[in-house]
Amino acid sequence: MAGCYDRGMLPTIAWDGDAIVMVDQRKLPATETYVTCRTVNDVAKAIKTMVIRGAPAIGVCAAMGVALGAARSKATGTKQFVTEFQRNCDLLASTRPTAVNLFWALERMKQSFAEGAQAGESVDQLKARLRQTADRIHDDDVESCRAIGRHGATVVPAEARILTHCNAGALATAGYGTALGVIRGAVEAGKTVAVLADETRPFLQGARLTAWELVRDGIDTTVITDNMAGAMMRAGLVDLVVVGADRIAANGDTANKIGTYSVAILAKEHGIPFYVAAPWSTIDLATPDGSAIPIEERSPREVTHVGTTQVAPDGAKVRNPSFDVTPAKFITAIITERGVYRAPFAESLRPAS
Ligand code: MRU
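So the number in our numbering is just where the residue sits in the sequence shown, counting from 1, plus 10.
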């Protein structure tokens, strides 16, 4: 897989025959190693342990995991095949709660399965159909990111210093990225862009992954610790903020990596536009507002340790919510593959639009 690098087209996840191969995002940037998943349990573990992460990427990964589970099934009759299919979907759905793309992708796989079953397809035909649907989800995600990039480029000035939080790049998607898709789209449109990447404690997706991707692309990148964002804005060093999203409620409230909310408030205070970039699969119209979005709480160890070094004393209590919700009132616009949506989001994001 290494060697197929193109701007923003990192090999996040791919088939290797009947197995799924993904770059191990826990090890970047120190080493570029790959994890091979041969069973649906391997795939669930990879999502849970952050080998692969980022809302669209885990949706794509779950869909491929369902196809992999089906391909490996020894079931001869439809009944057993259906039972296994359901069990695999349930297992993958239990991995991470916040990013709606995971559930969206599983729903698409279930729909595809139901259509095939309805048409009386054999087990082999169902296996082939699931693989095709997963591949479509993968390829559509790359297309969506490229369209987000094109739409997003229109809101970026000719010369822009852009702050981003976490990693919403090629690694967080099937390729190209959402927030980093906007940055890549602006560069491809001939704009001069410099990026400030929040390091994004505790998992350091900004320092480790965003900076790694952008440096590989030759884009001017400066890493800052999360607590520097306000000072940078006050010093007039930020023209706009663009972040990704894990779930966007019907009213525009947006769950994204912990710390996004603070960045949004800082941007508002300094009069800096704050954009959210996400594929339509991140919009959850069934969730009315941010208060209903489930927030994952991850292991305390991510906070008490940096790598293998302990930085907090034994006995201290720890909180580690992995996401926060940015109220819609702090969001200038939501950039999707369908275009740029502005407030009031409850109206602009409605299905007919
Ligand atoms: O915990 P992670 O690394 O999966 O969180 C990722 C984020 O919060 C991203 O900003 C979000 O998923 C958008 S990715 C295009």
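Glycine included, every Cβ here is placed at the ideal spot set by N, Cα and C. For clarity, every value in this text was computed on a predicted model and none was experimentally measured.
Using only the alpha-carbon positions, how far apart do L112 and A288 sit?
For this step, residue 112 is matched to residue 102 along the sequence shown. For this step, residue 288 is matched to residue 278 along the sequence shown. Spanning the two alpha carbons is a distance of roughly 14 Å.
Which residue wins for smallest C-alpha separation from A80, given the options I57, W114, Q142, Q35?
Numbered from its first residue, the sequence shown carries residue 80 at position 70. Comparing Cα-Cα distances from A80 to each of I57, W114, Q142, Q35, the minimum goes to Q142.
State buried or exposed for I185, treating a residue as buried only when at least 16 other CB atoms are found within 10 Å of its CB.
Residue 185 sits at position 175 when you count from the first residue of the sequence shown. Looking at the sequence provided, one finds Gly at residue 185 rather than Ile. Buried, since its Cβ has 16 or more Cβ neighbours within 10 Å.
Nearest to E223 (by Cα), restricted to the options W25, A29, E42, D26
For this step, residue 223 is matched to residue 213 along the sequence shown. Cα-wise, what sits closest to E223 is E42.
Whole angstroms is fine: what's the gap from E312's alpha carbon to F213's?
In the sequence shown, the residue the question calls residue 312 occupies position 302. In the sequence shown, the residue the question calls residue 213 occupies position 203. E312 and F213: Cα-Cα distance of roughly 7 Å.
Could you round the C-beta distance between L136 and L181 to whole angstroms and report it? I think they count as a contact, below 8 Å.
As a first step, residue 136 must be located in the sequence shown, where it is residue number 126. As a first step, residue 181 must be located in the sequence shown, where it is residue number 171. Wrong, their Cβ atoms sit about 31 Å apart, outside the cutoff.
Cross-strand partners of C47 (DSSP beta bridge)
Sequence index remark: in the sequence shown, residue 47 carries index 37 (1-based). Paired residue(s): I30.
Should K267 be counted as a contact of the ligand MRU given a C-beta to heavy atom distance under 7 Å?
Working through the sequence shown from its first residue, we reach residue 267 at position 257. Flag set: Cβ of K267 near the ligand MRU.
Apart from the five residues on each side of it in sequence, which residues of its chain come closer than 7 Å, Cβ to Cβ, to V70?
Looking up residue 70 in the sequence shown gives position 60. Cβ within range, chain order: I23, A115, I147, H148, D151, A184.
Label N237 either buried or exposed according to how many other C-beta atoms from any shown protein chain fall within 10 Å of its C-beta, with 16 as the threshold for buried.
In the sequence shown, the residue the question calls residue 237 occupies position 227. N237 should be labelled exposed.
May I ask you to report which of helix, strand or coil DSSP gives T264?
Taking the sequence shown and counting its residues from 1, one reaches residue 264 at position 254. Strand, per DSSP.
I need the boundaries of the alpha helix (DSSP H) containing L250, first residue and last residue.
Translated into positions along the sequence shown, residue 250 becomes position 240. That residue, L250, is in no alpha helix (DSSP H); its beta strand (DSSP E) goes 250-253.
In whole angstroms, what separates the C-alpha of M242 from that of K37?
Taking the first residue of the sequence shown as 1, we reach residue 242 at position 232. Taking the first residue of the sequence shown as 1, we reach residue 37 at position 27. Looking at the two C-alpha atoms, the distance is approximately 29 Å.
Given a cut-off of 8 Å on the beta-carbon distance, is the pair T174 and A207 in contact?
Here residue 174 is taken as the residue at index 164 of the sequence shown, counted from 1. Here residue 207 is taken as the residue at index 197 of the sequence shown, counted from 1. Yes, the pair counts as a contact, with Cβ atoms nearer than the cut-off.
Expressed to the nearest angstrom, what Euclidean distance is found between the alpha-carbon atoms of E357 and V76?
Here residue 357 is taken as the residue at index 347 of the sequence shown, counted from 1. Here residue 76 is taken as the residue at index 66 of the sequence shown, counted from 1. Roughly 35 Å separates the two Cα atoms.
Go ahead and label T59 buried or exposed: buried means 16 or more other beta carbons lie within 10 angstroms of its beta carbon, across all protein chains shown.
Along the sequence shown, read from residue 1 onward, the residue named residue 59 stands at position 49. Label assigned to T59: exposed.
With burial defined as no fewer than 16 other Cβ atoms inside 10 Å of the residue's Cβ, what is the status of V273: buried or exposed?
Looking up residue 273 in the sequence shown gives position 263. Flag for V273 reads buried.
Please indicate yes or no: does the CB of S132 lie closer than 7 Å to some heavy atom of the ligand MRU?
In the sequence shown, residue 132 corresponds to position 122, counting from 1. No, the ligand MRU has no heavy atom inside 7 Å of this Cβ.
Own chain residues within Cβ distance below 7 Å of R211, not counting five before or after
Within the sequence shown, the letter at position 201 stands for residue 211. Within the same chain, R211 has close Cβ partners D236.
Answer yes or no: does any C-beta atom of chain C fall closer than 8 Å to that of T235?
Here chain C cannot be found, since the structure has a single protein chain.
So what does P368 bridge to, in DSSP terms?
Outside the shown range of the chain, which is 11 to 363, sits residue 368, and nothing can be said about it.
Could you check if G195 is buried or exposed, using at least 16 other CB atoms within 10 Å of its CB as the buried criterion?
Here residue 195 refers to the residue found at position 185 when the sequence shown is read from its first residue. With 16 or more other Cβ atoms within 10 Å, it is buried.
Please find out if some non-hydrogen atom of the ligand MRU comes closer than 7 Å to the beta-carbon of T183.
Translated into the one-based positions of the sequence shown, residue 183 becomes position 173. Yes, the ligand MRU has a heavy atom inside 7 Å of this Cβ.
Taking its Cβ as the centre, do 16 or more other Cβ atoms sit within 10 Å of L295, making it buried, or is it exposed?
Within the sequence shown, residue 295 is the residue found at index 285, counting from 1. Exposed.
Would you give the residue range spanned by the alpha helix (DSSP H) that V110 belongs to?
Working through the sequence shown from its first residue, we reach residue 110 at position 100. Per DSSP, V110 belongs to the alpha helix (DSSP H) from 110-128.
Where does the unbroken alpha helix (DSSP H) through F213 begin, and where does it stop?
Along the sequence shown, read from residue 1 onward, the residue named residue 213 stands at position 203. Per DSSP, F213 belongs to no alpha helix (DSSP H) and is neither H nor E.
To the nearest angstrom, report how far apart I293 and A129 are at their CA atoms.
Here residue 293 refers to the residue found at position 283 when the sequence shown is read from its first residue. Here residue 129 refers to the residue found at position 119 when the sequence shown is read from its first residue. Their Cα atoms are separated by approximately 30 Å.
So is the beta-carbon of C71 under 7 Å away from any non-hydrogen atom of the ligand MRU?
One-based indexing of the sequence shown puts residue 71 at position 61. It does not: the Cβ of C71 is nowhere closer than 7 Å to a heavy atom of the ligand MRU.
Is H175 helix, strand or coil when you go by DSSP?
Residue 175 sits at position 165 when you count from the first residue of the sequence shown. In this structure, H175 counts as coil in the three-state DSSP scheme.
E169 bridges to which residues according to DSSP?
As a first step, residue 169 must be located in the sequence shown, where it is residue number 159. Bridge partners of E169: T202.
Over what stretch of residues does the beta strand (DSSP E) that includes G349 continue unbroken?
Residue 349 sits at position 339 when you count from the first residue of the sequence shown. Its beta strand (DSSP E) spans residues 349-352.
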